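**Q** Numbering (the working numbering), first residue to last: 16 to 172. C-beta atoms are modelled at their ideal positions from N, C-alpha and C, and glycine is treated no differently. It should be emphasised that the depicted structure is a prediction, and the values quoted were computed from it without experimental measurement.
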Amino acid sequence: MDDQGFDFRTILEPREPKRFVPPPWETDSYPKKVSPAQEVPPEEAEPQRSEAAPANPPRDKAPSEAEMIELLADLAGEEPKDERALMNVTLAAALALSALGMVLMVWGVAAFVRAGAAEQGAGVARAGAATMWIFGAGFLASAIWLLYRLMKQRGVL
Numbered sequence: 016m017d018d019q020g021f022d023f024r025t026i027l028e029p030r031e032p033k034r035f036v037p038p039p040w041e042t043d044s045y046p047k048k049v050s051p052a053q054e055v056p057p058e059e060a061e062p063q064r065s066e067a068a069p070a071n072p073p074r075d076k077a078p079s080e081a082e083m084i085e086l087l088a089d090l091a092g093e094e095p096k097d098e099r100a101l102m103n104v105t106l107a108a109a110l111a112l113s114a115l116g117m118v119l120m121v122w123g124v125a126a127f128v129r130a131g132a133a134e135q136g137a138g139v140a141r142a143g144a145a146t147m148w149i150f151g152a153g154f155l156a157s158a159i160w161l162l163y164r165l166m167k168q169r170g171v172l
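1) Are MET120 and MET147 touching if we call contact CB-CB under 9 Å?
2) According to the Cβ coordinates, are ARG141 and PHE150 closer than 9 Å?
3) Counting only the same chain and skipping the five closest in sequence on each side, list residues whose C-beta sits under 7 Å from that of PRO37.
4) Quick one: which unbroken beta strand (DSSP E) runs of 3-plus residues sit fully inside the segment 100–155? Chain order, please.
5) Would you say ALA137 and ALA145 are within 9 Å of each other, going by their C-beta atoms?
6) Between ALA108 and LEU161, which are expected to be in contact by the criterion C-beta below 8 Å, what is the C-beta distance as a whole number of angstroms?
7) I need the boundaries of the alpha helix (DSSP H) containing ALA91, first residue and last residue.
8) Assuming LEU112 contacts ALA158 under a Cβ cut-off of 8 Å, what Cβ separation, rounded to an integer in Å, is found between them?
9) Quick one: measure Cβ to Cβ for MET102 and LEU165, integer angstroms, because I've assumed they're closer than 8 Å.
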């Protein structure tokens, strides 16, 4: 038993599923129940089809490569081509990352120079400066990678 008195070891009895009741605003769209006397025979309920050409012919095999290429080309034509907003966001992110990376790299070099003049704790200062420079280089590399991917997607590279 858990702390609220429920016993997880007991098996619950299966419940009857709830009967579907349409919402009040859709009750008119659902047909009334048809009595067996009012049922339409199956041959009259199905519309007449011509025997020459079935509506959906059964497919015995997968589409050929040419059919698949044609279908994919049709789908590519339906996709929206407006990628301007995505390009602007990518450029803004690359600009912000490169600016942050350059600032961190400059601060890292400045901190490394100051660590050389320090009398105490020069090792810790050099480690901090190197870490700052490495993070700056990582941000700059991320910006370059974003620009590379953008140019690759646009077909420039």
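**A** Per the coordinate set shown:
1) A Cβ-Cβ contact shorter than 9 Å links MET120 with MET147.
2) no
3) TYR45.
4) The segment 100–155 contains no complete beta strand (DSSP E) run of 3 or more residues.
5) no
6) 6 Å
7) 80–93
8) 4 Å
9) 7 Å
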